[in-house]
Structures are given as structure tokens and as C-alpha cells.
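Engineer: In this note's numbering, the protein residues as written are -1 to 477. Quick reminder that beta carbons are idealized off the backbone N, C-alpha and C, glycines included. Values in this document were obtained by computation on a predicted structure and should not be read as measured data.
1) Pull up the distance between the alpha-carbon of residue 273 and that of residue 229, whole angstroms please.
2) Look at the alpha carbon of residue 135 and the alpha carbon of residue 181, and state the distance between them as a whole number of angstroms.
3) What is the DSSP secondary structure of residue 235, counted as helix, strand or coil?
4) Which first and last residues belong to the alpha helix (DSSP H) in which residue 345 is found?
5) Just curious, the alpha helix (DSSP H) that residue 105 is in, first and last residue?
6) Where does residue 314 land, buried or exposed, given buried means 16+ other C-beta within 10 angstroms?
7) Is it buried or exposed for residue 117, if we count other Cβ within 10 angstroms and need 16 for buried?
8) Measuring straight from C-alpha to C-alpha, what distance separates residue 287 and residue 299?
9) Can you give me the C-alpha to C-alpha distance between residue 203 and residue 74, rounded to a whole angstrom?
10) Would you mind working out which of 175, 453, 148 sits nearest residue 155, comparing C-alpha positions?
11) So, are the CB atoms of residue 454 and residue 302 less than 9 Å apart?
12) Say whether the stretch 314 to 332 touches the stretch 209 to 224, bearing in mind that this needs 3 or more beta-carbon pairs closer than 8 Å, one atom from each stretch.
13) Tell me which residue opens and which closes the alpha helix (DSSP H) that residue 144 is part of.
14) My assumption, with CB atoms under 8 Å, is that residue 394 sits in contact with residue 335. Please give the rounded CB distance.
15) Could one say the Cβ of residue 171 lies closer than 9 Å to chain D's Cβ atoms, at least one of them?
16) Here's the rule: buried if 16 or more other CB atoms are within 10 angstroms of the residue's CB, otherwise exposed. What is residue 325?
17) Relative to the C-alpha of residue 238, which candidate in 338, 179, 282 has its C-alpha closest?
18) From 359, 241, 246, 173, pick the residue whose C-alpha is nearest to that of residue 113; which is it?
19) Under the three-state reduction of DSSP, which class applies to residue 476: helix, strand or coil?
20) Provide the residue span of the alpha helix (DSSP H) that contains residue 284, from first to last.
21) Buried or exposed for residue 194, please, with buried defined as at least 16 other CB atoms from any protein chain shown within 10 angstroms of its CB.
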């Protein structure tokens, strides 16, 4: 394959910053030290999107490798603290399917499935959508204060959830208060790693993010064991206490380096910084727009699947114990699914790997879930959960990584924030739509829900291929 040069860009999901591999060179300033931007036209029969190189005679602080420890005792303690924090803030989110199934079967038995779906969709919407607000707060105040606030909100929200018996009580406690707390914990534990790692930042944040997958794999096992023994309330409290302990470890170990990476003082409020983060003009870029649509479509499919796969299983007549293990399989296989495609993306191209992963996810849905001869068997459901967990594990991280490849450094945070703001709205309506389709809680109604998931996945895959075509055509280039 032919390599397509990449610009220096921030590559990440919700805060991941990764310096691109190639150096785009430099040129002299025409105005005595002022920064200049130069567009590099890359041509190979097809016109490929301009790569923008940004150069300054003064190396920007965040681009100076000498400022980053890249390892050592303190940096690895911060990394371990971040890992613990990610377990706590993502464990409940990645176990939503188990909780949803228990609420349907035991607590909110007379409540429509679509209404119950709002509990989890609002939680996900707040946890990811509020990153636009939390990001500037982290930049302004550092990690400790927002993290302490997040831990307090997290504890209040999920402990109150353990006593909830009505839908509105779950929404207020679990969705809103708990979701906001988890958003603060998430942002601080990811953002702080950018102060300690540059060249190894991708590995560091990938290691931290595995904490969420680990929590999503272990918590369903805990639920399966404790629900029959101590009930819903105490099971949620035990989970909350575990997450609080891990969050306290995170609070003690992580440390920002705002004194090193101090920004120029500004009189602007945090609110104005948030407003500037959202810019609809970015959608004039067709490649970017297609990437956001891909993220939205695949996000629909991912969230609906992870939330309702356990309920789908019980609707087929399988026991709740077996259904809980589906989430365990799903989250366990997503761990290598988050690692291997990312490694291959660095080698063979991020757009290329995004197209491959989206295609594999869609094929998996059609062959193993939409095909009732497979999905109406317990073995078939376990195979689907494992394969789809693996293929979808990196879908949501590859799309924003591609955004970084086509963005100027100073525009990337704004572009990624806007993309995930759109994605969070997909979470907000996707789960209730899936619940409304499956509202009758019958085998047939859940099969209809799978059709919705398949259509969403096709939509996301088409967005990935179209973005790749608009960026570099269909020539065999590493892009």
C-alpha cells in the first residue's frame, strides 16, 4: 500500500490526544516569528483532502516531547489511578443490559420497555454529552476538584438508585445525578493522561479505557450472584461501594500538570468556552460529516445491542442466569476488540480499518442475530455476543481517530466534541426506540428490534465507506 502522509493531530475518543507519525516540515515566518499555516496538496490521480501543517518557530507546549515523562514511577501511578477510575465510571454503563433486564422482570413490571429504556439512554446521553461542559472545567481547574465533585455526585446518584421503585426516581438518581458524576470522573481520568504521555499516549489511554471493559465483564457476574441473594437494592449498593473505593484510589493517585501546561489567562467564562466548542460549520467538511454519521449509526447499533441482548435472550425463553452471561461474553471479547484493530489501524490505515470493522459488525448482525435459526438458540446467542463484542469494540474509537487525521490541531477538540455531542443524542433516542419496537416483550417484537439494529449498522457502515472515498478514493493507499 502507498502511505498517505498525516498531519500532526490530536487523535482520541473523548480526550485522547495522539501525535501523528509523520513530520510535515517547516518554513520561515514572513512576519518575524508569527505562526503560519500551509496547506499541502496530496495528489494521486484522485484529489485527496488537504492535509494542514501547522508550524511555529516556537514549539507549542503540548508538542514539546521533553515536557512529557513518558513513564517512571509517578506516571505509572497516575496511569493505574486512571485505570481504577475508569472501572468505576464505566462499570454500570457497560452493565446496563443486566440492570435493564432485572427492572423489566422484577421491579418495573408494569412499565413499558420503551419507558425503561429512557433510564439508560439519558444516563449515556449525560455521561458523554456533558463532556463538552466537563472538558473546559478540567482545563480551568485541573483534575482534583472536578473529580471530587464527580465522586460525590456518583455516590449520591447510585445510592439513591438502590432505593428507587418508580421510573422517575431511576431517571433522577441513576440517569441524571449518577450520569453527571460519571462524566466528571471519566473526563478527569482520561484528560490527566495527556499531561504525562505523548509518544505513548495511545497505549496509556488504551490501558486506562480497558478498565471500563473489565468492569463491564465483572459486574454482570456480581449481579448474577447477588440479585437472588440480597436483592436489587443491596446489589447496587455493593457495586457503588466498590466503585467508590476505586474512585478514591484514583483521586489519591492521579495528578494533573497544569503548572507545566498553563494556558494564557483569559477573562472568558467556562460557559463561553463550552459555547465555542460547538460549531456547526464543521459539517461543511463532507468527510467529517460522513464520519459523524458513521459514528451515529454504529453507536445506535452498539447501544441498543448492549442494552437489550439480555432481554432478547429471556424473550426467547432462556433463563436470566444465562442471559447475564451474554453481557459478560460481550464485554470480555470487546477487550481484545479494542486493542487489535487499533494496532492494525496504525499499520494499515485508520480509515481502512474503520471500514473493515464496520463491515464485520454489520455482517455479524445479519448472519448471527437477524438469522433466527442461530439467534433463537442459546449457543447462537453466545456466539453472536462474543463476535459482535469483538468487532464493535473499536468502532466507536476508530471514528474519532479518523477525525483527528483530517483536522487541524487547534480544531480537533471542537470537532471531536461536536461529534460526540451528536453521538450522545443518538444514545438518547436509540435505546427508547429499540425499547418501543420490542415493547410487547415477545420473541417476534425483539426480532423486529434486531431489524432496526441491522439498518442502523448498515447506515454506519455506509458512512464509513463514503468518508473513505471522499478522503482518498478507493485506491489501495494506507489512509
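Structural biologist: In short, the structure shows the following:
1) 44 Å
2) 12 Å
3) helix
4) 318 to 346
5) From DSSP, residue 105 is part of no alpha helix (DSSP H); its letter is neither H nor E.
6) By the 10 Å Cβ count, residue 314 comes out buried.
7) buried
8) 19 Å
9) 12 Å
10) 175
11) Cβ atoms of residue 454 and residue 302: closer than 9 Å.
12) Counting Cβ pairs under 8 Å, three or more are found: they touch.
13) 142 to 159
14) With a Cβ gap of about 11 Å, residue 394 and residue 335 do not count as contacting.
15) Of the protein chains in the structure, only one exists, and it is not chain D.
16) buried
17) 179
18) It is 173 whose Cα lies nearest to the Cα of residue 113.
19) It is a strand residue.
20) 284 to 313
21) The residue in question, residue 194, is buried, as its Cβ has 16 or more Cβ neighbours within 10 Å.
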